[in-house]
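Protein chains in written order, with my numbering: chain L, 1 to 302; chain E, 1001 to 1298; chain H, 2001 to 2525. Note that CB positions come from ideal geometry on N, CA and C, so glycine has one too. This one's a predicted model, so the numbers in the text were calculated from it and none came from an experiment. Right, one structure below, let's go through it.
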Amino acid sequence: MLKSIQRSGRKYWDLYLLLIPTAVYFVIFKYLPMIGLQIAFRDYMPRLGYWDSPWLGLDYFRRFFSFYSSWRIILNTLTLSALNLLFTFPLPILLALLLNEMRAAGYKKLIQTVTYAPHFLSTVVIVGMITAFCSPSSGVVNSIIKIFGGEPIYFMAKREWFRPLYVISEVWSTMGWNSIIFLSALTGVDQQMYEAARIDGASRWQTLWRITLPSILPTISIMLIINCGHVMSLGFEKVYLMQTDLNIDVSRVISTFVYEQGILATQTSYASAIGLMNSLVNFILVISVNWISKKLSEVSLW
Amino acid sequence: MVSTRINESRGDRAFGAAVYIVATVILLIVAYPLIYVVSASFSDPLDILTGKLILFPKHVQFRAYRAVLVSKDVLLGYRNTILYSVAGTVINIVLTTSGAYCLSRRDMYGRTAITFMISFTMFFSGGMIPTYIVIKNLNLLNTFWVMVLPGAISATNLLIMRNYFQHSVPQEIIEAAYMDGCSNVGTLIRVVLPVSKSIVAVMVIFYLVGHWNSYFSAMLYLNDRSRYTLQVFLREILIKNDLGDMGAGSESSSVEMTLLYESLKFAVIVVATLPMMLFYPFMQRYFVKGVMMGSIKG
Amino acid sequence: MKKLVSLLLALILLCGCAALADAGIVTASGFPVVTEPITFTVMASQSAIQPDFSTMVIIPVYDEMTGIKIDWQCVASSVRSEKISAAVTSSEMPDIFFKCNISAANLQKYGAQGAIVDLAPYLEEYAPNFWAYAQENPDVLAAVTTPDGQIYSLPAIADAPATRMNKKLYYNKVWMDKLGLEQPTTLDELYDFLYAMRYNDPNGNGEIDEVPMSETTGTLFQVFGGLFGVGNRGTHSSYYDMDTETGMVRYSYTSDAFRECLEFMHKCYEEGLIDQECITAKDSRYTALAAQDQLGCYFATNLALLAAKDAENFVPAEGWIEGAVWPTMRSHLHSVGAFVVTSKCENVEAALRWVDYFYTDEGVTFYHYGIEGQTYVKNEDGSLSFTPEILAQVTGDKSYDEVVSQVGPYCGGNNPTMMSWPGYAGAELSPIPMASAEAILPYTPDVIWPIFTYTDEELKIVNSTGSDLNTYAKKTAVEFLTGERELNDEEWSAFLAQCDEMGVAQMLEVMEGVIDRVEAIMGTR
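Structural data, given as C-alpha cells:
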C-alpha cells in the first residue's frame, strides 16, 4: 500500500496540487456547516448554539412516525417520485436520440431551443398555467373536451388527476433541459463505429440499438444513480401550489407536510430531522443503486 | 453523411420519417405553452384572467414591459448578473474541470475516498443558517465574492464531468501523452480538454444558467442594493404589484396593479430569459460529432 | 397555586425593574422620552414597495420628538425569517425587531432562551397607553400572554369593526334591481335569492354562467356554518367553537349543526348557487368573474380587488340572516410579534416609551398619515386622506402604496399600532366596507377567542393530532360539499367514527385547558 501511495505521489504530484482548491472548497463550504446537522437531535435554541441546545435524541423521528398519516405521506412521496422518475428520466434520452437522428440542422436547433426554454419558467407560473388551462369554465383543455362532446372535467379538484398533471407538467418543463447532457454524450460516440456498421449493412434502427445506446450507457447510468438520490426529497413548491382540499389524500408529501408544520410553529429542528431522514434514505438508495451499477456496468459514482 | 441518403433502405426511410413526426409532435406540445407565455406578456390582463387568451393576444399592449423597463434597477440588475455569471462560471469551470480530471485518473491513490466525500455532500448539508454563519465568519457577507465562492463547485456537475473523462475520453491518448513526457496538467490542457468541448459546453450552460437564475443567495447574503441581481429586482417588481404582500389593500390604484400583475409575471419571464435563450444556440455548436477522431489521428 | 407563584414572581420582577429604572434617563411621560439622546438599532421588515425607513417623512420628526435616534436595518420581508434566525443564532441582534411578524411559537422559544425581553413587568409604567387598551380589551392581553405569563411582544391591534371583520359582504345591486330582489333575511330567502341570480339570467347573455356566490371553501364553511350557529367564537377558531346548549367546547366539523350546514351547502353547490370552482378559487377569480359580469355576492375585506367599474355594481349588505352568526370576525388583536425588544437593548423602558405613542389616537394618525397639513388633510366626514400633492404622484408606474410609503412605514402590515378610525390608512376604512361592517356587526359573536398560545406539551399535540384531524375533517367536508361523498347517515357516522379514532376527544381535552386559561384572562368565564 505504502508503495502504491509513493508511486501515485510521484506520478500525480501535480494533480494532488490541483485537487487542493476543490478539497478546501468542500471542507469549508460543505463540511464545516455540517455541525448544524446535529440540531435534528436537539431542541435547537438559536442563542444557545448547536452544542448547548438540549439533547433530545430520536424524539423528532418518533414524533413524525406517531403521526396518524405519516406512512401515507411517505407512500405518497415515494409514489409521486417514482412515477415522476419513470417518465422524466427516459424521455430526455428519447429526445436526445431523436435529435441525434435528425439531419435538418435548422429544424433540429429550433426543437432544441424550444424544448430548453420551459426550464426558465418559475413553479408559480407553471402551476398558474396548469390551473388556467384546466379550468372547467375557461380552460383550453376543457374547451377541446367540449368540442368533442365530452363533459368538462374539474381536473384540479380530482384526486386521480393530481399525479398525471404533476408528471406531465414536469416532463414538459424538464425534458429539453435534461436532454442536454445526453446530447453532449452522443457527440462522444466514436464515428468509426458508425462507418463500420454502415459497411456491414446495419439499418438505422439497428445502429441506434447496437451502437448509439450502448455508447451513452455510462452517462445514462450515472444520471440514473444521481436521480435516485432525490426520490425522498420531492420539491415542495409545486406540490404545495397544486394542492387542493380534494386531492390532499394523494398530494400530501413529506416536504409539504414539513412546510405545514413550519407554519404552525417554526420548528427548525423538527424540519431538519425529517430532512435528515430523507437524506439518509436517499443516500442508502444511491449506495445500493451505485453498487448494482458497479457490478453490472462498471459505472459508479465512486 | 451524404452517401447514406442515397442507399437508404425503405426501413431506414420509414425510421427517418418517424423521427421527424415524433419530433414535430413534441415541438408543438412544448411550444404551445411558450407561445402562451409570450402572448400573455403582451395581453390585456383581463383576457388572461377570463380565459380569452388562447394563442395570440386579443388586445395587444405593452404596459407590462413598460413597468419592467421603466425601472432603472433592471439595467443595474443585468450588469450585476452578467458580472456574477461570467466570473462565477469561470471559477466553476476551472475548479470543476481540475477536480473532475484528478478524480478520473484510475490509479491515483485516494481518489475513491475523495469522490465518496464529495458525493456525500449531495445528500447531507448543514442547512441554511450554519452556512450563513460560516460565510459571515469568512467576512464574505455583502461582497462580490459571496455570489461566486459558496457555489464554486457543484458536486453533481463534478461527478458528471468526471464520468465523461472516464468513459468518453479514450485512455490511450492520455497514456500516450504521459509516455511522451507530458505532465498531468499539460495532458489535461493539451490532450483531454480539446476532445471534451461538448462536456465543457454543458457545464458552462449548467453553471451559467444557475448563476443567472440565482435569487435567494443574493437576498440572503447581500444588503447593498447596488449589488443585487436581475432576478431580485424582477421579483421586487412582481411583489410590488401583487396585492397579497400588502396585507391591507388601498383602494385607489391597487386594482390596476393587481390586474397588471397577471401580465407582468409573464413579461418578467421574457425579460429574464431572453439573454439565456439567445446564448444557448451559441453553445450548441460545441455539440458536434467526430471531434475525437481528429484528435487521435493528429 | 401555579398562578399564585407566577403572580409572586411577576411582583418580584416588577419591584426589581422599578428599582433599575431609577438609574435611567427615561422621562415619566410625554415628549421627549429621554433626557439625553440615545440610539437604538432596529431591524425592520421592509416590503418591496417601501423605501429605506430612515428616508420616510415621519422618522426624523419622531427622532426629534423622542430624543431617540433610530439606526434602521431594513431587511426584505421575503428573507425576514432567515435574517432574524441568523441574527439570534449569531447573537448579533439589534435592540428591537420592528414589524417582523415573529410568530407566537418563536417568541416563546426566543424568550425561553433569554434572547428577547419579557415586557410584562414594564408595560403598566412604560407603555401606559397600550396597557390601558389591553385592560379594556382583554382579548388582546390573552393573545400576547404566554401560558407562563410572559409578554414578549407588542402586537398590531385591530380596533375598528371594519378592520376586525376580515370578510364582509357586498351584493350585486345591478342584478338585484333587474330581478327585483331584496337582500335576504331568512335562510329560505337566501336560497331563493341565489337561485334567482343563477337561473334568471341577470347578466342578460342568455347563458347560465352566473356565479351567485364565490369564495374559498374555508370562508364558505365559515359563513354558511354561521347560518346554523357554527363558528360562534370568531374567525381565529374555525375548527373549535362553543356548544351553546352544553356550554362545552366542541369540534365544529363533527357537530349536528355542521351536518345541516353541509346539506344546505351541497344543495347550493349542486345547483351552482355557490361557485363550483370554489376548491381552487383565489383572489384573481373574483376579479375575473366580476369583470365578466358573472358575480352576484362578494365577500372581501374591501372592494380593492375589483376593477373600478365593476366595483360600482356592488352595495354593502344591510344586515344578515336572522338568528345567524357572522363568524369571520377577529379579536382586537391583529397579529403578534410587531415590536420585540431583545436582550441587547440596554434601555427597555425607553424602547417602550418610544413605541407606546403609537397606541394613542394621535399616534395612530401620526404613524399612518404623518403630519397634518404637510402630508394629510382632514375631510368633512372626519376621515383623513393624504394631501393632493402626495396623491398626485400616483401614476401608472407608481402605485398608491409605493407613494404613501414615503410618509410612514405602515405598508406591509404587522405594525405596533392600532388599525382604528380615523387614523388608520387602509382601504377597510373607506365608506362601502365600513357600511357593510357596521351592518353585519350585530351578527358577530359576543365572545371572540383570540389566537391561542400553547405550552410546549399542548403544542406537540396540536401540531400532530390536531393538524391531522383538521386536514381530514376539512377534506371530508369538501367531499360532502361537492357530492364526491354522499351525505347520508352511514357516511356521516363513518366520518364521525374516523374523527374519533384520530383523537377528537384528546384534542377537546387540550382545547378545554387552553380556553380555560384564555377566558380566565379575558374574564368571560
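Cβ shell of residue i (< 8 Å), same chain only, five flanking positions each side left out
i         : result
L/ARG63   : TYR270
H/SER2238 : GLY2218, PHE2221, GLN2222, GLY2231, SER2252 and PRO2327
E/PHE1206 : SER1154 and ASN1157
H/GLY2483 : HIS2266, TYR2269 and GLU2270
H/PRO2051 : SER2405 and GLN2406
Inter-residue Cα distance where the pair is residue i and residue j
i         : j         : result
E/ASN1092 : E/THR1273 : 21 Å
H/THR2216 : H/GLY2426 : 23 Å
L/LYS146  : L/PHE155  : 14 Å
H/THR2185 : H/CYS2278 : 24 Å
L/ALA196  : L/LEU91   : 29 Å
L/PRO164  : L/LEU83   : 9 Å
L/ILE226  : E/ILE1114 : 17 Å
H/GLY2229 : L/ALA157  : 28 Å
L/PRO152  : E/PRO1057 : 25 Å
H/MET2418 : H/VAL2364 : 6 Å
E/GLY1294 : L/THR187  : Annotation note: pLDDT 41 at E/GLY1294 (below 50); position unreliable, no value reported.
L/SER293  : L/VAL286  : 10 Å
L/GLY275  : L/SER233  : 8 Å
L/ASN304  : E/ILE1135 : Absent from the model: residue 304 of chain L. The displayed extent of chain L is 1 to 302, so no value can be given.
H/GLU2318 : L/THR115  : 56 Å
E/TYR1078 : H/ALA2134 : 50 Å
L/TYR68   : H/ASP2500 : 12 Å
E/ILE1174 : L/TRP209  : 29 Å
E/ILE1048 : L/MET193  : 53 Å
Residues near residue i in its chain [Cβ-Cβ closer than 7 Å; skip 5 each side]
i         : result
H/GLY2466 : MET2507
H/VAL2514 : PHE2452, TYR2454 and GLU2458
Extent of the continuous beta strand (DSSP E) run through residue i
i         : result
H/ASP2071 : 2068 to 2076
H/THR2039 : 2038 to 2046
E/HIS1211 : E/HIS1211 -> not in any beta strand (DSSP E); alpha helix (DSSP H) instead, spanning 1197 to 1213.
H/ALA2338 : 2333 to 2341
H/SER2214 : 2211 to 2214
H/ILE2096 : 2096 to 2098
Local Cβ density within 10 Å of residue i, reported as buried at 16 or more and exposed below that
i         : result
H/ARG2080 : buried
H/ASP2241 : buried
E/SER1300 : Here chain E comprises residues numbered 1001 to 1298, so residue 1300 of chain E is not present and cannot be evaluated.
E/LEU1069 : exposed
H/ASP2489 : exposed
L/GLN6    : exposed
E/HIS1167 : buried
E/HIS1059 : exposed
L/VAL27   : exposed
H/LEU2492 : Before going on, a small fix: residue 2492 of chain H reads as Trp here, not Leu. Its Cβ being crowded by 16 or more others within 10 Å, H/TRP2492 is buried.
Enclosing alpha helix (DSSP H) for residue i [first to last residue]
i         : result
E/PHE1015 : 1010 to 1041
L/MET45   : Counting along the chain, L/MET45 falls outside any alpha helix (DSSP H), and DSSP gives it neither H nor E.
H/LYS1983 : What is shown of chain H runs 2001 to 2525, which leaves residue 1983 of chain H out entirely.
L/VAL250  : 248 to 251
H/VAL2315 : First-last for H/VAL2315: 2314 to 2316, but that is the beta strand (DSSP E), not the alpha helix (DSSP H).
L/THR79   : 70 to 88
H/ILE2208 : Careful: H/ILE2208 lies outside any alpha helix (DSSP H) and carries neither H nor E.
Other residues of its chain near residue i: CB distance less than 6 Å, five sequence neighbours each side excluded
i         : result
E/MET1292 : Residue confidence for E/MET1292 is low, a pLDDT of 47 falling below 50, so the modelled location carries little weight and cannot support an answer.
H/MET2065 : PHE2031
L/SER81   : VAL231 and LEU234
H/THR2146 : GLN2108 and THR2453
Residue i CB to nearest heavy atom of the ligand SAH below 7 Å
i        : result
L/TRP172 : The ligand SAH is not among the ligands present in this structure, which contains no ligands whatsoever.
ask   = Can you give, in chain order, each stretch of the alpha helix (DSSP H) that sits fully within the region 2138 to 2165 of chain H and has at least 4 residues?
value = Complete alpha helix (DSSP H) runs here, min 4: 2138 to 2144 and 2161 to 2164.
query = Where are the beta strand (DSSP E) runs, 3 residues long or more, that stay fully inside the region 91 to 143 of chain L, in chain order?
reply = Whole beta strand (DSSP E) segments, 3+ residues: zero.
Alpha helix (DSSP H) segments (min. 4 residues) lying fully within the region 2231 to 2304 of chain H = Within the region 2231 to 2304 of chain H, the complete alpha helix (DSSP H) runs of at least 4 residues fall at 2256 to 2270 and 2283 to 2291.
request  = Run through the region 2361 to 2413 of chain H for me and flag every whole beta strand (DSSP E) of 3 or more residues, listed as ranges in chain order.
outcome  = Counting only runs of 3+ residues, the beta strand (DSSP E) found wholly inside the region 2361 to 2413 of chain H occupies 2376 to 2378 and 2384 to 2386, in chain order.
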